[in-house]
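Peer 1:
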Amino acid sequence: MNNSTRSFNLSSFYVLIKLPIFAVIIINSLQMKAFKAQPAVKLLFLALFCVILASCGKNPEVIYINGKIYTLDKNNTVVEALAVYEGKILATGKSSELTEKYKDAKVIDLKGKTVVPGFIDAEANLMEFSKQLSLLDLRNARSVDEIVNIVRERSKTSKPDDWIGGFGWDELKLNEKDLERLHHSLLDNVSTTQSIYLVNALGNTTWVNKKVLEQTKVNKDTPDPENGAIGFDENNNPNGLFYEAAQELVIDILPQPSEQEVMSNITRGINELFKYGITEINDANITEQGLSVYKKMVDDNRFPIRLYAMIPGKGPLFEKYISSGPEEYKDRINVKCVSLEYDGYFETQDAAMENDYNEDPKRMTPFNDDFDIKEMTKKANEKDFQISVKTIGDRALTQTLNAIESVNKEVKSKAGRTRLEYLEFVTPADMQRIKAMEIIPSIRPEVTLTDKLILNEMIKPENGQNLGLWSNLFKQNNIIISGTDFPYHTINPLVVMYYLSSGLSVDTAANRLTNNTAQKLSVLDALKSFTVYSAFASFAEEVKGTLEKDKFADMVVLSDDIIASDPQVLLKTKILMTIIRGEVVYENKSPGALLY
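In case it helps, my numbering puts the sequence shown at residues 2 to 597.
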């Protein structure tokens, strides 16, 4: 028996055997009248002593040492080491102190690297992201011919009757002539026997070949569905383009994977998230079927991340939870938020603006109107649910604030922490109302920078003064949260932090035209928008967001010290490790690689 084992055994014997006996002797020897007269006092003393004993008996499974660990607590304390017991932080401090105190724990040497809390993405779509990992990646294609060539290469290695899917082609990267060429005939030139469908980067347009078109049974007499449109060519024949809700016509005929295939896709998706340091997501695209699959994966111990489920604010799933109330599922899934979209993307003219757009359609119809927002808010307020509304345009924001304010006067929210997602255009008057109503602003920096670039072409230039007021929102509310909105935008939180802390795009040419440097935040606050503030916004501040005692040991090891550096360092920083509940779930074997 070595000295450390002998020491451990002796201390264990003392804590577990001798100390309890000693405690009983002390209590029984006390002759105070209080103990004789009040048995409850005696029981309380025993219970307190048991708690102390239990605390004394905790020995961590692992200690992380020799790091620069930013705890992000109230004092922004930096420590060298951190001990983990049953997935939670047992202690923080100096490496020598913790290794001396807990001699039998496994030790992982961080070798001086920077550690921060795990990233909480304020908006993501896990199911869609997981599906798209098996699709052709079209994000870097800069012409229609390039897109077609990528599809053609996949066609050569596919079976004659296979489905070929692609994702990520971007209208903003195509010139006007290319946009005019979009037609099913281009994809027919690749294959007339394989079913080809290509979804754009925003997920609001699907381009298909004639084989798919025929399966949708769409013809020149087919009316546009509600909140959607079918594309037609100059001869009034369907051209193979489906917009917004019309995409359901394509989705309905896609081959459906088995539940096991869905779970395998999700596992692959989660493992991909770990490469970016993401340990929790807020998902506003929850379906009843998807939620059921996630719960089964939790039951099977196959769902290591945390999910804050933001269920749609109307429909069967909404009514089910309004009836039953919020749900915390095994420390992995929290269903406590209901969500609606008032409007959509500015670049597609789906943002509800006070001013008309320059081109038709000059005014958009809300996806969900004031009545829908009021109905959702009233029911949610009564049942302790948080409210979340997507409001991009200034008209959308004003109308949403009016609706929520009206309901709150009748039925006060029990949960509070109302969130406005994708917040972009904010008038001075609504800025003050956001503060007065204690609303949490949730932003998408990448989208804002893109919208600043195209604003003058789309609407009156004076609207620009109300776009992307990140610093103003943060200073008055003392909180701001960020989301990547993957898979529709850049998944890397470090890159989004760069946008937020620099006010610049990664495209230097775009920066020469416009930027948002006047509204940038510090790197520390940009980081907190993915950690401390996002934890609060999802009611997880007691267990996540900072690296403090009794919180989950969810953290990210970085190649560079982002907090003590210029924002530019964020772009070259790599994720070296992602750690969930003390366990390393991802380790970068080739740290020279950059992930964008």
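Quick reminder that beta carbons are idealized off the backbone N, C-alpha and C, glycines included.
Return the residue from the list D146, P367 and K476 that minimises the CA-CA distance to L188.
Peer 2: Residue mapping note: residue 188 aligns to position 187 of the sequence shown, counting from 1. Ranking the options by Cα distance to L188, first place goes to D146.
Peer 1: Out of G291, Y277 and I393, state which residue places its alpha-carbon closest to the alpha-carbon of V586.
Peer 2: The residue you call residue 586 lines up with position 585 of the sequence shown. Comparing Cα positions, the closest option is Y277.
Peer 1: Is the beta carbon of G504 closer than 8 Å to that of K521?
Peer 2: Residue 521 sits at position 520 when you count from the first residue of the sequence shown. Residue 504 sits at position 503 when you count from the first residue of the sequence shown. In contact: K521 and G504 (Cβ atoms closer than 8 Å).
Peer 1: Name, in chain order, the residues that DSSP records as bridge partners for W170.
Peer 2: Residue numbering aside, residue 170 sits at position 169 when the sequence shown is read from its first letter. Secondary-structure assignment with DSSP links W170 through a beta bridge to N201.
Peer 1: On a Cα-Cα basis, can you pick out the residue from I460, V149 and A92 that is closest to Q350?
Peer 2: The residue labelled residue 350 in the question sits at position 349 within the sequence shown. Nearest of I460, V149 and A92 to Q350, Cα basis: I460.
Peer 1: Buried or exposed: which applies to E320, given that a residue is buried once 16 or more other Cβ atoms fall within 10 Å of its Cβ?
Peer 2: The residue you call residue 320 lines up with position 319 of the sequence shown. By the 10 Å Cβ count, E320 comes out exposed.
Peer 1: Between the region 79-92 and the region 494-509, do at least 3 Cβ pairs fall closer than 8 Å?
Peer 2: No: fewer than three Cβ pairs fall under 8 Å.
Peer 1: May I have the straight-line CA-CA distance separating D163 from S192, to the nearest angstrom?
Peer 2: The residue given as residue 163 occupies position 162 in the sequence shown. The residue given as residue 192 occupies position 191 in the sequence shown. Using only the alpha carbons, I get a separation of about 10 Å.
Peer 1: Indicate the three-state DSSP secondary structure (helix, strand or coil) for N335 in the structure shown.
Peer 2: Locating residue 335 in the sequence shown gives position 334, where the first residue counts as 1. In this structure, N335 counts as strand in the three-state DSSP scheme.
Peer 1: Just verifying my parser: in three-state terms, what is the DSSP assignment at T223?
Peer 2: By 1-based counting over the sequence shown, the position of residue 223 is 222. T223 falls in the coil class under three-state DSSP.
Peer 1: Just to confirm the assignment, what range does the alpha helix (DSSP H) spanning K375 have?
Peer 2: Position 374 of the sequence shown, counted from the first residue, corresponds to residue 375. Unbroken alpha helix (DSSP H) run through K375: D371 to E383.
Peer 1: Secondary structure at Y358, three-state DSSP: helix, strand or coil?
Peer 2: In the sequence shown, the residue the question calls residue 358 occupies position 357. Coil at Y358, not helix or strand.
Peer 1: Sort out for me which residues DSSP pairs T579 with in a bridge.
Peer 2: On the sequence shown, position 578 is the one that residue 579 refers to. DSSP output for T579 lists V557 and Y587 as bridge partner(s).
Peer 1: Pick out whichever of W170, G394 and N517 has its Cα sitting closest to the Cα of E447.
Peer 2: Counting from 1 along the sequence shown, the entry for residue 447 is found at position 446. Selected option, being the one with the closest Cα: N517.
Peer 1: Compare the beta carbon distance of N335 and E342 with 8 Å and say whether it is the shorter of the two.
Peer 2: Position 334 of the sequence shown, counted from the first residue, corresponds to residue 335. Position 341 of the sequence shown, counted from the first residue, corresponds to residue 342. Taking 8 Å as the Cβ cut-off, N335 and E342 do not qualify as a contacting pair.
Peer 1: If you follow the beta strand (DSSP E) that P442 is in, where does it begin and where does it stop?
Peer 2: Reading the sequence shown from its first residue, position 441 is the one you call residue 442. Segment I441 to I444, the beta strand (DSSP E) holding P442.
Peer 1: Counting only the same chain and skipping the five closest in sequence on each side, list residues whose C-beta sits under 7 Å from that of K132.
Peer 2: Residue numbering aside, residue 132 sits at position 131 when the sequence shown is read from its first letter. These residues qualify, in order along the chain: N266.
Peer 1: What three-state label does DSSP hand G465 in the structure shown?
Peer 2: Residue numbering aside, residue 465 sits at position 464 when the sequence shown is read from its first letter. Shown here, G465 sits in a helix according to DSSP, grouped into three states.
Peer 1: Ends of the alpha helix (DSSP H) at E411?
Peer 2: Looking up residue 411 in the sequence shown gives position 410. D395 to E411 is the span of the alpha helix (DSSP H), which, as asked, contains E411.
Peer 1: So, with DSSP's three-state summary, where would you put P367?
Peer 2: By 1-based counting over the sequence shown, the position of residue 367 is 366. Collapsing the DSSP output to three states places P367 in coil.
Peer 1: For M311, does the three-state DSSP call read helix, strand or coil?
Peer 2: If you number the sequence shown from 1, residue 311 lands on position 310. Three-state result, M311: strand.
Peer 1: Which value, in whole angstroms, describes the spacing of the CA atoms of A560 and I64?
Peer 2: Start at 1 with the first residue of the sequence shown, and residue 560 comes out as number 559. Start at 1 with the first residue of the sequence shown, and residue 64 comes out as number 63. Per the sequence presented here, residue 560 reads as Ser, with Ala not at that position. Between the C-alpha atoms of S560 and I64 there is a straight-line separation of about 20 Å.
Peer 1: Have a look at the DSSP bridge pairing and note the partners of G88.
Peer 2: By one-based count along the sequence shown, residue 88 stands at place 87. DSSP, once it has assigned bridges, lists no residue as partnering G88.
Peer 1: Output needed for S8: all residues of its chain with C-beta closer than 8 Å, excluding positions within five of it in sequence on either side, in chain order.
Peer 2: Working through the sequence shown from its first residue, we reach residue 8 at position 7. Annotation note: pLDDT 36 at S8 (below 50); position unreliable, coordinate value reported separately. Hits under 8 Å: K104.
Peer 1: What's the C-alpha gap between L390 and K107?
Peer 2: Here residue 390 refers to the residue found at position 389 of the sequence shown. Here residue 107 refers to the residue found at position 106 of the sequence shown. The displayed chain sequence assigns Val, not Leu, to residue 390. Cα-Cα distance, rounded: 46 Å.
Peer 1: Would A519 be called buried (16 or more neighbouring beta carbons within 10 Å of its own) or exposed?
Peer 2: Working through the sequence shown from its first residue, we reach residue 519 at position 518. Looking at its Cβ environment, which holds fewer than 16 other Cβ atoms inside 10 Å, A519 is exposed.
Peer 1: What first and last residue would you give for the beta strand (DSSP E) that runs through N240?
Peer 2: Here residue 240 refers to the residue found at position 239 when the sequence shown is read from its first residue. Taken as a continuous stretch (DSSP letters only), the beta strand (DSSP E) holding N240 covers P239 to E245.
Peer 1: Take Y598 as the anchor and find which of E542, M365 and I481 has the nearest alpha-carbon.
Peer 2: Residue 598 cannot be examined here, being either before or after the span of the chain that is shown, 2 to 597.
Peer 1: Our contact map puts E245 next to G583 with C-beta atoms below 8 Å; I'd like the distance itself, whole angstroms only.
Peer 2: The count along the sequence shown starts at 1 and reaches residue 245 at position 244. The count along the sequence shown starts at 1 and reaches residue 583 at position 582. Contact flag wrong, Cβ pair sits at about 44 Å.
Peer 1: Quick check on the DSSP output: what are the complete alpha helix (DSSP H) runs of length 4 or more inside the region 486-533, in order along the chain?
Peer 2: 494-503, 509-514 and 524-529
Peer 1: For the ligand SAM, any of its heavy atoms closer than 7 Å to the Cβ of S539?
Peer 2: Annotation note on the ligand SAM: not contained in the displayed structure, which lists no ligands.
Peer 1: What's the call for E81, buried or exposed, on a 16-neighbour Cβ count within 10 Å?
Peer 2: Residue mapping note: residue 81 aligns to position 80 of the sequence shown, counting from 1. Buried, since its Cβ has 16 or more Cβ neighbours within 10 Å.
Peer 1: How about the region 416-425 and the region 359-377: do they share at least three Cβ pairs that are nearer than 8 Å?
Peer 2: no
Peer 1: If Y499 sits next to L571, beta carbons under 8 Å apart, how far is it from one beta carbon to the other, in whole angstroms?
Peer 2: Indexing the sequence shown from 1 puts residue 499 at position 498. Indexing the sequence shown from 1 puts residue 571 at position 570. Yes, they are in contact, since the Cβ atoms of Y499 and L571 sit about 4 Å apart, within 8 Å.
Peer 1: Check this for me: beta carbons of G1 and V200, under 8 Å apart or not?
Peer 2: Since the first residue shown for the chain is 2 and the last is 597, residue 1 is missing from the structure and cannot be characterised.
Peer 1: What is the rounded straight-line gap between the Cα of A381 and the Cα of I581?
Peer 2: Counted from its first residue, the sequence shown places residue 381 at position 380. Counted from its first residue, the sequence shown places residue 581 at position 580. In a straight line, the C-alpha of A381 is about 32 Å away from that of I581.
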